Structures are given as C-alpha cells and as structure tokens.
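Taking our numbering, the leading residue of the sequence shown gets 14, the next gets one more, and so forth. No residue lacks a Cβ here, since even glycine has one placed at the ideal position from N, Cα and C. Computed from a predicted model, the values in this text were never measured in an experiment. Reading through the structure tokens given below for one structure.
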Amino acid sequence: MSKAGRTIGLVLTCAMFAFSAHMFTQTGDWVAAVFAVGSLGYGLFFLRAATGNGS
Numbered sequence: 014m015s016k017a018g019r020t021i022g023l024v025l026t027c028a029m030f031a032f033s034a035h036m037f038t039q040t041g042d043w044v045a046a047v048f049a050v051g052s053l054g055y056g057l058f059f060l061r062a063a064t065g066n067g068s
C-alpha cells in the first residue's frame, strides 16, 4: 500500500470514528457504537501499515 493510501485511510478512519462516536452520544444507538468499534479496527490496520509493521 502506498504512503498516500495509508494516510488517506487513516484520515477517513478518524473521520468515521468521530462521526460514529458523535452519533452514539447523541442517539445512544447500538449500530453507531458498532461502527465506532469497527472504525477502530480499521484504524489499527492503517496505523500498522503506516508504521511499516504491516505488509
């Protein structure tokens, strides 16, 4: 994965987490919580790739 791809992935993942967390705090909807947790998983993937520890 290119450095630009990793950076874009991290930025979009952070935005997705922020939006999901905001929606959860506003509505208490469990689906928003699931999306927030899922975005953390994606964030770990892109962070691992960005630090060079991934493939």
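Where the alpha helix (DSSP H) containing Ser15 begins and where it ends: Premise fails: Ser15 is in no alpha helix (DSSP H) and is neither H nor E.
message: Using only the alpha-carbon positions, how far apart do Met14 and Leu23 sit?
response: 13 angstroms
- prompt: To the nearest whole angstrom, what separates the beta carbons of Arg19 and Phe59, a pair I think is in contact under 8 angstroms?
  reply: Contact between Arg19 and Phe59 holds: their C-beta atoms lie close to 6 angstroms from each other, under 8 angstroms.
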